[in-house]
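Residues in the sequence shown are numbered consecutively from 1, following the UniProt record's numbering. See structure below.
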Amino acid sequence: MIFQTVEATVGFAELNGRIKAKLRGWCLEQALVAGRAREVEDGEGAGFADFCMQIGRVLYDFGQYEQALEYHGKALKIRLATLGEEHLDTANTLIGMAHAYICQGQYDKALEYHGKALTISLATMGEAHPSTARTYTGMALVYDNQGEYEQALEYYGKALTISLATVGEAHPDTAATYNGMAGVYDSQGQYEQALEYYGKDLKIKLATLGEAHPDTATTYNNMASVYKSQGQYEQALEYHGKALTIYLATLGEAHPATAITYNNMALVYDKPGQYEQALEYYGKALTIYLATLGEAHPYTATTYNNMASVYDKQGQYEQALEFYGKALQIQLATLGEAHPLTRQVQAAVGRLKAAR
1 MIFQTVEATV GFAELNGRIK AKLRGWCLEQ ALVAGRAREV EDGEGAGFAD
51 FCMQIGRVLY DFGQYEQALE YHGKALKIRL ATLGEEHLDT ANTLIGMAHA
101 YICQGQYDKA LEYHGKALTI SLATMGEAHP STARTYTGMA LVYDNQGEYE
151 QALEYYGKAL TISLATVGEA HPDTAATYNG MAGVYDSQGQ YEQALEYYGK
201 DLKIKLATLG EAHPDTATTY NNMASVYKSQ GQYEQALEYH GKALTIYLAT
251 LGEAHPATAI TYNNMALVYD KPGQYEQALE YYGKALTIYL ATLGEAHPYT
301 ATTYNNMASV YDKQGQYEQA LEFYGKALQI QLATLGEAHP LTRQVQAAVG
351 RLKAAR
């Protein structure tokens, strides 16, 4: 009777999702409670700094980037006071903060913190060290997001050379660099090269992390985007589906990574003209982005732009202008006028205004 009632109302999949979301929320709250208690007990010691880093990583994984920065900032303050500027733990704290800034779309800030970390890593560990490689990878990711693809490949190349020499091929650091390089090749339209490097990345992740891991899901997502660009829509949806299943099971619905997958699936539906399905999935992505990253984020801008494009193709020009306008406002503030994506949206706005 209970089973029939559940299935007839919310359904087991929906119920399971809600329970997992509640459990994740409870875990997050417990981590914050523990952090506040530990701060009262030992708010200035090295142990508390380590604890703050752990909480910061949990918050980052949950997509709570502002709170992650708060705890990484506490750790940085203590480590600067107790270990000084030229210590690897200080560098690792700066790297953690830089990654959170990347996720917030604060690319200049991310480069600043990665730059500080690189200076420390080079001074303490030298060029040929995994910490230096991770910093190069982080800086490359920023350049990639800013559309500076040649600079991104240069820094990924530095990271890859170090990683292969220090940790070897079958290591998550090497996989992350392959993934980053593949993303640049994808952005440049070099799809076969992109798939080759994503394949290297996926092989390592399956061997080291397994199938049911968010990082593995990210690679599935990225490969799907390449298939979409090649017009292989069925394969693209299959790989996005693999990613979505993993994200929902590990991170939940209300996470930026899940939103990215919805956005990507919408792009696949958009290509062959399945506009209603595209708008449905863009809508799911936008709801999550607004709740987790806020209005003023490049990912939110991208979704507004994608929805505007659909309205444009449907001949709903006023609605298209409205959404292009929302995207442009965010892009000018976060990416700047010279970014390729900003110029693309400016051109669309100009075209529609001229046609009025």
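Glycine residues also receive a C-beta, built at the ideal position from the N, C-alpha and C atoms. The structure presented is a predicted model; accordingly, all values stated were derived computationally and were not measured.
Across the set Asn305, Tyr282, Pro256, Lys74, the C-alpha of Asn305 shows the shortest separation from the C-alpha of Gln344. In its chain, beyond the 5 residues on either side, Ile204, Lys205, Thr208, Leu209, Asp215 have a beta carbon closer than 8 Å to the beta carbon of Pro172. Pairing Lys228 with Val268 gives a Cβ-Cβ distance under 8 Å. For the pair Cys103 and Tyr65, the Cα-to-Cα distance works out to about 7 Å. Gln54: member of the alpha helix (DSSP H) spanning 46-61, first to last residue. A direct Cα-to-Cα measurement between Thr300 and Tyr156 gives close to 27 Å. CA-CA distance, Glu337 to Val184, rounds to 21 Å. Where Pro172 is concerned, the enclosing alpha helix (DSSP H) starts and stops at 172-187.
Comparing alpha carbon positions, the residue from Thr132, Thr219, Tyr275 closest to Thr261 is Thr219. Along the length of the segment 264-328, whole beta strand (DSSP E) runs at least 3 residues long do not occur. In the displayed model, Arg351 falls within a helix according to three-state DSSP. Between Ala140 and Ala152, the beta carbon gap of about 5 Å places them in contact (Cβ cut-off 8 Å). Counting along the chain, Gly105 sits inside no alpha helix (DSSP H), nor does DSSP assign it H or E at all.
The criterion of a C-beta distance shorter than 8 Å is satisfied by Ala117 and Thr135. In the DSSP assignment, Met223 falls within the unbroken alpha helix (DSSP H) covering 214-229. A Cβ-Cβ distance of about 18 Å is found for the pair Ala224 and Thr250, leaving them out of contact under the 8 Å criterion. Boundaries of the alpha helix (DSSP H) harbouring Glu154: 149-166, taken from the DSSP string.
Residues Ala217, Tyr220, Asn221, Thr261 of the same chain have their beta carbon placed closer than 6 Å to that of Ala243, with the five preceding and five following residues left out of the count.
Between the beta-carbon of Thr177 and that of Ser163 there is about 6 Å, and that keeps the pair under the 8 Å contact cut. Taking every protein chain shown into account, the CB of Gln277 has fewer than 16 other CB atoms within 10 angstroms, so this residue is exposed.
Taking a contact as a CB-CB distance under 8 Å, the pair Gly96 and Met125 does not count as one, their CB atoms being some 17 Å apart.
By alpha-carbon distance to Gly63, the top candidate from Lys313, Leu293, Tyr324 is Leu293.
Only buried fits Ala308, as 16 or more other CB atoms lie within 10 angstroms of its CB. Note that the C-beta distance between Ala175 and Tyr198 is not below 8 Å.
The three-state reading of DSSP puts Ala128 in coil, since its state is none of H, G, I, E or B.
Shown here, Gln331 sits in a helix according to DSSP, grouped into three states.
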